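Colleague:
Protein chains: 2
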Amino acid sequence: MRFATRANGTADGELILISHDGARCLPLGARWPNLLHAITDWDALLDDAAALSTTLEEGGGESLDHATLLAPLPRTWQWLDGSAFANHGVLMERAFNHPPIETDLPLMYQGMSHRFLAPREDVAFPTEADCIDFEGEFGIVTDDVPMGCSADKAMGHIRLILLINDWSLRAVAPKEMKTGFGWIQAKPACSAAPIAITPDELGDRWRDGRVCLPLRVEINGDWFGHPSGEAMEYGFHELIAHAARTRHLCAGTIIGSGTVSDVDFNRVGSTCISERRAIEMIAQGQPVTPFLRFGDRVRMCAGTDENIFGELHQTVAAYVNVGL
Amino acid sequence: MRFATRANGTADGELILISHDGARCLPLGARWPNLLHAITDWDALLDDAAALSTTLEEGGGESLDHATLLAPLPRTWQWLDGSAFANHGVLMERAFNHPPIETDLPLMYQGMSHRFLAPREDVAFPTEADCIDFEGEFGIVTDDVPMGCSADKAMGHIRLILLINDWSLRAVAPKEMKTGFGWIQAKPACSAAPIAITPDELGDRWRDGRVCLPLRVEINGDWFGHPSGEAMEYGFHELIAHAARTRHLCAGTIIGSGTVSDVDFNRVGSTCISERRAIEMIAQGQPVTPFLRFGDRVRMCAGTDENIFGELHQTVAAYVNVGL
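Protein sequence lines, in the order shown, are assigned to chains A and B. Taking the UniProt record's numbering, the leading residue of the first sequence gets 1, the next gets one more, and so forth. Taking the UniProt record's numbering, the leading residue of the second sequence gets 1, the next gets one more, and so forth.
#1: Report the residue from L15(B), G156(B) and E218(B) whose alpha carbon sits nearest the alpha carbon of V145(B).
#2: Using a Cβ-Cβ cutoff of less than 6 Å, which residues in the same chain neighbour G209(A) once the five nearest sequence positions on both sides are dropped?
#3: Would you grab the beta carbon distance between L73(A) and G252(A) for me? Rounded to a whole angstrom, and I think it's under 8 Å.
#4: Output the distance between the C-alpha atoms of M232(B) and A84(B), rounded to the nearest integer angstrom.
#5: Along chain A, which residues have their Cβ under 8 Å away from the Cβ of C250(B)?
#6: Starting from R276(A), follow the alpha helix (DSSP H) in both directions and report where the run begins and ends.
#7: Given that P126(A) touches chain B, what residues does it touch there, using C-beta distances under 9 Å?
#8: Rounded to the nearest angstrom, what separates T55(B) and A49(B) at their Cα positions?
#9: Whole angstroms is fine: what's the gap from V217(B)'s alpha carbon to Q284(B)'s?
#10: Within the same chain, show all residues whose beta-carbon is closer than 6 Å to that of T289(A), passing over the 5 residues directly before and after it, in chain order.
#11: Identify every residue that forms a DSSP beta bridge with W183(A).
#12: May I ask which residues mark the beginning and end of the beta strand (DSSP E) holding S191(A)?
#13: Going by beta carbon distance, what residues of the same chain come within less than 8 Å of M147(B), once the five residues before and after it are set aside?
#14: Could you name the residues of the same chain whose beta carbon sits closer than 6 Å to that of R297(A), not counting the 5 residues immediately before and after it, in chain order?
#15: When you compare only the Cα positions, how much space is there between L160(A) and F138(A)?
#16: Give me whichever residues DSSP pairs with C250(A) in a beta bridge.
#17: With a threshold of 8 Å between beta carbons, is Q78(A) in contact with chain B?
#18: Just to confirm my understanding: we take residue 332(B), look at its own chain, exclude 5 residues before and 5 after, and list those with CB closer than 7 Å. What are they?
#19: What does R267(A) pair with, by DSSP beta-bridge criteria?
#20: Does the beta carbon of G136(A) fall short of 7 Å from some heavy atom of the ligand ZN?
#21: Assuming P100(B) contacts H242(B) under a Cβ cut-off of 8 Å, what Cβ separation, rounded to an integer in Å, is found between them?
#22: Just to confirm my understanding: we take L176(A), look at its own chain, exclude 5 residues before and 5 after, and list those with CB closer than 6 Å. What are they?
#23: Can you pull out the residues from the stretch 162-181 of chain B whose beta carbon lies closer than 7 Å to at least one beta carbon of chain A?
#24: According to DSSP, is F116(B) part of a helix, a strand, or is it coil?
#25: Apply the 10 Å Cβ neighbour rule to G136(B) and answer buried if 16 or more other Cβ atoms are within range, or exposed otherwise.
#26: Is the Cβ-Cβ distance between V263(B) and N87(B) less than 8 Å?
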């Protein structure tokens with residue numbers, strides 16, 4: 001099933017079910033006002049949604065206005081972002097002549113979760129000098145995961161799959177990374193594509209905890225990349241088990257894949273500017289592609305014959321500090 | 001004013017106002033069911049609380065059972081933990097022969113915020129081999145802070161002050177820190193002392209965004225340390241401005257000071273085992289104090305003639321993974 005969140009004046013929005021053609025929708029009703037609540041009792045929600053789904057696929061329901069859609073979880077309690085595409089790490093290390101990160105565990109940081117930007121909302125940053133970049137990622141939403149959950153059991157806690165843009169500020173990121181504390185200023189609010197899907201929607205493109213779809217990025221209407229989510233070094237179930245070793249994960253936890261990346265980058269491109277610049281540095285000695293400017297438009301979607309997650313289509317804007 | 005959160009079967013608990021002697025309380029009522037909600041409209045809450053406060057100080061209200069108290073915010077949207085005591089960093093670097101962290105900015109990471117443990121709740125960890133430790137810290141709770149907020153303006157967004165134990169797993173922490181991504185497994189849920197106070201409660205012991213009180217730690221009934229929160233290199237208002245440079249901070253954001261530490265450590269002790277072990281390594285060539293064992297009790301409070309934040313008094317326990 002496919003879900004979205006419609007603006008209704010509340011912080012968490014209104015949970016709606018979406019038809020497979022993305023044209024129609026039905027609210028889940030008073031028992032399931034929003035996704036952050038529904039994810040705490042997901043099996044019961046799915047039971048209630050089954051009848052609505054039949055209505056929708058038979059042509060019932062309301063017509064859907066994509067402009068009213070927020071991120072599926074406009075806010076949540078926990079956002080843990082992995083960096084599970086080894087190729088991305090290798091390229092960054094080669095370009096900057098850094099030693100490989102020494103670890104036998106998945107890479108993961110905790111990021112800002114109190115706001116996920118809406119898929120068509122402008123994204124405001126204080127200055128272009130921070131080197132504004134995007135990161136195209138897949139993500140999953142868990143229900144309650146007990147501490148100590150194994151990777152095998154974790155697979156059953158993956159309730160929804162998302163498409164995420166993890167906005168990143170590249171002039172700040174290396175300085176914060178060098179402290180060992182992870183990122184605060186370099187990782188402002190992320191955005192999420194409007195449609196959250198249950199894993200079965202992917203059919204055989206959901207394999208071993210990986211989203212085997214190309215993630216398509218355009219800047220200002222030009223192709224930027226379309227690598228597949230297939231090449232994750234760790235599957236999402238393994239990322240969950242890593243995160244849950246010493247903590248319980250609350251329902252609504254989002255875990256990200258990190259920048260989708262592929263060894264065949266000359267053909268499929270990248271899902272962040274920083275990686276493309278690294279490839280240019282390795283090949284030509286210096287980066288060519290500029291970071292984003294105010295007014296630039298970034299579009300992301302996934303798949304081939306359909307926009308299964310809907311579209312992220314946002315414009316980068318200057319943040320206006322109104323004397324606060 | 002002094003606030004606490006009483007268990008009532010909901011995730012956020014019930015907001016109550018506490019008398020200055022800590023013996024009596026009054027619920028804030030249906031308009032302000034819990035602190036996470038109340039902090040979004042704090043000036044209005046304070047207006048409503050004024051009359052209740054008079055009743056309480058005149059001997060009215062209910063008698064308070066401290067055993068029913070949760071953390072003031074049993075969960076919140078954002079927990080940003082600083083490391084603002086330079087002395088702590090210097091000791092750790094000397095003991096482990098590490099170069100100083102190169103940064104001209106405050107140190108800060110984002111940690112788990114979907115659960116703050118109750119002040120008398122057992123704290124369960126999977127294994128003693130992770131080297132279980134505590135960190136005594138002060139923290140503040142903000143209301144909504146706009147992106148770009150200056151340190152001066154940030155002072156007015158400090159609505160409550162907390163006493164926090166940031167539980168830490170020292171066998172894991174250096175490995176995670178080396179990745180540059182910050183901590184996931186090394187930083188499970190924190191605990192918070194029961195009483196959250198408005199800054200004016202501290203009088204002249206609230207100076208330049210610093211809590212000028214000793215933070216007292218005991219292990220199994222024995223003194224461990226009582227350094228003052230005075231020596232922060234950055235005040236809380238400066239930590240807020242740092243965090244808010246590229247993001248808005250939502251109401252309910254908690255910012256931590258990091259382990260309270262003092263250059264006069266031979267007299268005042270430490271607020272974490274790791275620092276005491278570093279001092280032992282520098283003085284004697286090797287650490288002597290062991291990390292915590294299951295069954296050990298950790299007590300924290302602050303101040304001299306009163307327990308202004310109430311007490312954290314918790315027992316370390318073995319986590320039982322029930323086949324999940």
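Ideal placement from N, C-alpha and C gives every residue a C-beta, glycine not left out. Quick caveat: nothing in here was measured; it's all calculated off a predicted structure.
Modeller: Result, derived from the coordinates:
#1: G156(B)
#2: G235, F236 and H237
#3: 6 Å
#4: 5 Å
#5: R75, H114 and R115
#6: I273 to Q284
#7: M147, G148, R245 and T246
#8: 10 Å
#9: 23 Å
#10: I273, R276 and R277
#11: Answer by DSSP bridge pairing: none, since W183(A) is not bridged.
#12: C190 to A192
#13: A244, R245, T246, R247 and H248
#14: N220 and T315
#15: 11 Å
#16: Bridge partners of C250(A): none, in fact.
#17: yes
#18: Within the shown structure, residues of chain B are numbered from 1 to 324, placing residue 332(B) beyond reach of any answer.
#19: Note: R267(A) sits in no beta bridge, so no partner.
#20: This structure does not include the ligand ZN; it has no bound ligands of any sort.
#21: Their Cβ separation, rounded to whole angstroms, is 19 Å, which puts P100(B) and H242(B) out of contact at 8 Å.
#22: The sequence as given places Glu at residue 176(A); Leu does not occur at that position. Hits under 6 Å: W183 and A186.
#23: L169, K175, M177, K178, T179, G180 and F181
#24: strand
#25: buried
#26: yes
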